[in-house]
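Presented below is the structure to which this report refers.
Number of protein chains: 2
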Amino acid sequence: MSDPAKPVRIAILGPGTVGSEVVRLLSEQGPDLAARVGAPLELAGVYVRDTSKDRGPHLPATVLTSDASALVAGADVVVELMGGIEPARTLILEAIAGGASVVTANKALLAAHGPELYEAADAANVDLYFEAAVAGAIPLVRPVRESLAGDHITRILGIVNGTTNYILDEMTRRGLSYDVALKQAQELGYAEADPTADVEGHDAAAKAAILASLAFHQRVALEDVYCEGISAITAEDVIAARETDQVIKLLAIAERTPEGVAVRVHPALVPSDHPLAGVHGAFNAVFIEAESAGGLMFYGQGAGGTPTASAVLGDLVSVARHRANGGKGPRESHYAVHDVLPIEAALTRYCVRMAVEDRPGVLSAVAEVFAQHGVGIEIVRQVPGQTHAGLILSTYAAPERDLRATVEGLRRSDAVAAVKSVLRIEGE
Amino acid sequence: MSDPAKPVRIAILGPGTVGSEVVRLLSEQGPDLAARVGAPLELAGVYVRDTSKDRGPHLPATVLTSDASALVAGADVVVELMGGIEPARTLILEAIAGGASVVTANKALLAAHGPELYEAADAANVDLYFEAAVAGAIPLVRPVRESLAGDHITRILGIVNGTTNYILDEMTRRGLSYDVALKQAQELGYAEADPTADVEGHDAAAKAAILASLAFHQRVALEDVYCEGISAITAEDVIAARETDQVIKLLAIAERTPEGVAVRVHPALVPSDHPLAGVHGAFNAVFIEAESAGGLMFYGQGAGGTPTASAVLGDLVSVARHRANGGKGPRESHYAVHDVLPIEAALTRYCVRMAVEDRPGVLSAVAEVFAQHGVGIEIVRQVPGQTHAGLILSTYAAPERDLRATVEGLRRSDAVAAVKSVLRIEGE
């Protein structure tokens, strides 16, 4: 055990909103943090590319440096908030090699290079913490890898992207079209000028890979995550969902079945009385099913400088406690060897909305297509139309490959004028 | 670091539903737990008072012992699931003195003797974990004392007693009277034959004391917790709540204000769109407000053998990891010295429902009573009645002592026939 009065030196990489909030809180809450850690936390410096630029009152020029390697070499804990792959990856590896522990919020880096970083941290016997990488302020990494370490997680259903939840929630609650809701999200700063990473599900996919790795104790790579975004969701889909007491949410899903592990991101119909259906605006929530614990839900702000800084500081306190008092957090747990299943093998339910010819025998022809592929129909709803009748079918759970073949069959059927939308049903 | 292959020996005190579930899971999930800990977990034995009684298939006679001290002396980790103060307290102190780490689910013991146990564990440099003592399966202790260690928690609003939430939810959703809902809870096993500890709020008060201590980094004793139960709640109260888009919940509340810390348990009106309003049946949920993180909610099963065993095993894995790999969890954090405020100083809002004389000037007489005590009225609703008119008033936030004096004044007023109910309003 080192001298408890010796300060723990913190290097911060990245001067963005999260970084400057972390610096502010380190300074304003110094005595509290020192009492909780058992040693003072001392800011060693903040790495920025351009030290001449004004960074606001919390980042005075005196704390800035453009020499990242020197900063990292002199630190006990390195907090990486730069985002992106490089130079974040190289600097984290430098920090670990130099014996520093690391706190990062970089989901893209962990999803792409997690194993390399975890192994380096393990070899150097330092901590690598990353609570802020998944669902911002919501404690999730620690509950999943520590609180539930004596349980078997069977399923995770998460709303882990605030931008898409905001867009879908506005479409649901105010009847907006996708384009109008996206534009509004951009004006309010919830969506970026190029919204691709959010609306196409890439951001959620990186978080799904991290959560699945933690939950199932094995490595799940970003390439293992099937990913569909929300840009094809229409106001008509939202109305059809409401009529059947459902809402549309972009879900990150990780499931463990007897056949293996399946991880996917896509929009889905969720029953209105499911806890996730009540998650509004840009909030995040993750619903976890575990064999012994049953259903658990974690809810809160998934983004934003101050909420994310809360998660970073929580990690910083844990890691600094280990520096001051000895010990180390859990290492990567990747002993399990379940097959990672392709999306075609996932068991899902579909809701298929189509325009059909308005004549006798059509329902029978449509039902025949489902029967050919062994997909059971649970509910059929006919909706009167103008040139064509509307038909909405919900299936029982079936392998995705059979459902896809069914939809292909429907598109080819003479009875079907158009397959208007296909949405999976989750959370029942 | 000790030899990773050396088993960690687990002693279990208490053969109840949680204890037998822990034994079952230890046996069925042996290889998984060993992989997560880095060493096998070995059952040293289960303490029972009467070893001749049949304890079911998971507790064969071979694992039972009636010699608690010998069992504790030979264990690396002692899991205390007996409940009550003695002999649990003495056995935990024996375990700590002998160098064992301790996992307990005993909220009553922690609320009454926490500081003594925490200090003993600290002095012996062993772990004392207690996730299962608050809200069963829901990860709450670890998130509050670790994930939020870099934040300032300002308020906790928790539904932490499943029995009372079940009773209130049945009253709300099915219009039952308190007595019928209680009887139903007893028949279903949600309430005990003597329901006092649950319905009078004592169980929730113990959990509130533990949560407040963790959240505010100072000791909060059970005696510091103001406590009111739900046995006076009527079907009429529930209907009046619904008419104003509110529901009645028994809340454990811990608040930090500039004046100090206030901790209380009482039924309260909660807006229907608050996340806590959607917590049904015997489920638990805890809403936490922190300066940086904002609002967070944790939801799940708060009781039951298997869910509670999940929380116990999570702690067991953490504590055993420290045994196998070195390190130690966070010690008790009690550096803060906020005043613990009496209930009279708490700032709350009241909803007062009364029967008043049906004549002109009554509202003005009633309003005068509020004004005399400096309590602002936000909303007045008149309800036609038979012999008397009904009047429902909601106040602005005011010190509890002023609200109480106002209610006393109302009871003495000629204009008021009866004060029918007084409920606090929370969660806005």
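Those protein sequences? They're chains U and D, same order as listed. Counted from 1, the first sequence has number 150 at position 150 by full-length UniProt numbering; the numbering is strictly sequential. Counted from 1, the second sequence has number 151 at position 151 by full-length UniProt numbering; the numbering is strictly sequential. Where is the CB? At the ideal position from N, CA and C, for every residue including glycine.
- Separation of Leu313 (chain D) and Gly114 (chain D) (C-alpha to C-alpha, rounded to the nearest whole angstrom) is 21 Å.
- Contact with chain U is absent for Lys6 (chain D), since none of that chain's Cβ atoms lies less than 8 Å from the residue's Cβ.
- When CB distances to chain U are screened at a threshold of 7 Å, the residues of the segment 270–300 of chain D falling below it are Pro275, Gly278, Ala290, Ser292, Ala293, Gly294, Gly295, Leu296, Met297, Phe298, Tyr299, Gly300, in chain order.
- Residues of the segment 141–166 of chain U with a C-beta atom less than 8 Å from some C-beta of chain D are Arg142, Pro143, Glu146, Ser147, Leu148, Ala149, Gly150, Asp151, His152, listed in chain order.
- Within the segment 17–36 of chain U, Leu25, Leu33, Ala35, Arg36 place their CB atoms closer than 7 Å to a CB of chain D, listed in sequence order.
- Cβ contact annotation for Ala121 (chain D) (same chain, cutoff 6 Å, sequence separation greater than five): Ile96, Leu128, in chain order.
- Residue-level contact check: Ile138 (chain U) touches chain D, since one or more beta carbons of chain D fall below 8 Å from its beta carbon.
- Note that the segment 276–285 of chain D does not touch the segment 84–104 of chain D; fewer than 3 beta-carbon pairs, one per stretch, sit closer than 8 Å.
- Using a C-beta cut-off of 8 Å, the segment 362–379 of chain U makes contact with the segment 394–404 of chain U, since at least three inter-stretch Cβ pairs fall below that distance.
- Spanning the alpha carbons of Val337 (chain U) and Thr51 (chain U) requires a straight line of approximately 47 Å.
- In its chain, beyond the 5 residues on either side, Ile12, Val46, Leu81 have a beta carbon closer than 7 Å to the beta carbon of Gly19 (chain U).
- Distance from Ala208 (chain U) to Ala346 (chain U) at the Cβ level is roughly 13 Å; contact not present, criterion being Cβ atoms closer than 8 Å.
- The distance from the Cβ of Pro195 (chain D) to that of Glu228 (chain D) is about 15 Å, inconsistent with a contact at the 8 Å cut-off.
- Within the DSSP bridge table, the entry for Lys249 (chain U) names U:Ala268 as partners.
- If you draw a straight line from the Cα of Val317 (chain D) to the Cα of Arg404 (chain D), it is about 49 Å long.
- Of all residues in the segment 330–359 of chain U, only Pro330, Ser333, Tyr335 come within less than 7 Å of chain D when Cβ atoms are compared, listed by chain position.
- Within its own chain, the residues whose Cβ lies closer than 7 Å to the Cβ of Ala34 (chain D), once the five positions on either side in sequence are excluded, are Pro40, Leu41, listed in chain order.
- In this structure, U:Glu428 is the residue among U:Arg36, U:Arg24, U:Glu428 with its C-alpha nearest to the C-alpha of Asp273 (chain U).
- Spanning the alpha carbons of Leu423 (chain U) and Leu91 (chain D) requires a straight line of approximately 57 Å.
- Interface annotation, Thr306 (chain U): in contact with chain D, CB-CB separation under 8 Å.
- In chain order, Gly150 make up the part of chain D whose C-beta sits under 7 Å from the C-beta of Leu316 (chain U).
- Annotated as proximal: Ala311 (chain U) and Gly136 (chain U), with beta-carbon spacing under 8 Å.
- Per DSSP, Thr196 (chain U) is one residue of the alpha helix (DSSP H) stretching across 196–199.
- Considering only beta carbons, no part of the segment 371–403 of chain U lies closer than 7 Å to chain D.
- Its chain contains Glu400, Arg424 as the residues whose beta carbon lies nearer than 6 Å to that of Thr348 (chain D), once the 5 sequence neighbours on both sides are disregarded; these appear in chain order.
- Classified as exposed, Pro60 (chain U) has fewer than 16 neighbouring CB atoms from the shown chains inside 10 Å of its CB.
- Nearest to Pro330 (chain D) by alpha-carbon distance, out of D:Asp339, D:Val340, D:Ala324, D:Val319, is D:Val319.
- Each of D:Ala105, D:Gly38, D:Ser421, D:Asp179 was checked against the Cα of Thr17 (chain D), and the nearest Cα belongs to D:Ala105.
- The contact set of Ala309 (chain U) on chain D, defined by CB atoms closer than 7 Å, consists of Ser292 in chain order.
- Across the structure, Pro307 (chain U) and Gly295 (chain U) are spaced so that their CA atoms are roughly 25 Å apart.
- Listed in chain order, the beta strand (DSSP E) runs fully inside the segment 138–208 of chain D are 153–159, counting runs of at least 3 residues.
- The residue from D:Ala215, D:Ala205, D:Ile167 with its alpha-carbon nearest to that of Val144 (chain D) is D:Ala215.
- Excluding the 5 residues flanking it on each side, Ala415 (chain U) has same chain C-beta neighbours closer than 8 Å at Val356, Glu357, Gly361, Val362, Ala365, Val366, in chain order.
- In the DSSP annotation of this structure, the continuous segment of the alpha helix (DSSP H) that includes Gly305 (chain D) starts and ends at 305–325.
- Looking from the CA of Glu344 (chain U), the closest CA among U:Ala88, U:Thr154, U:Val247, U:Asp224 belongs to U:Asp224.
- By the rule that beta-carbons nearer than 8 Å mark a contact, Glu131 (chain U) touches chain D.
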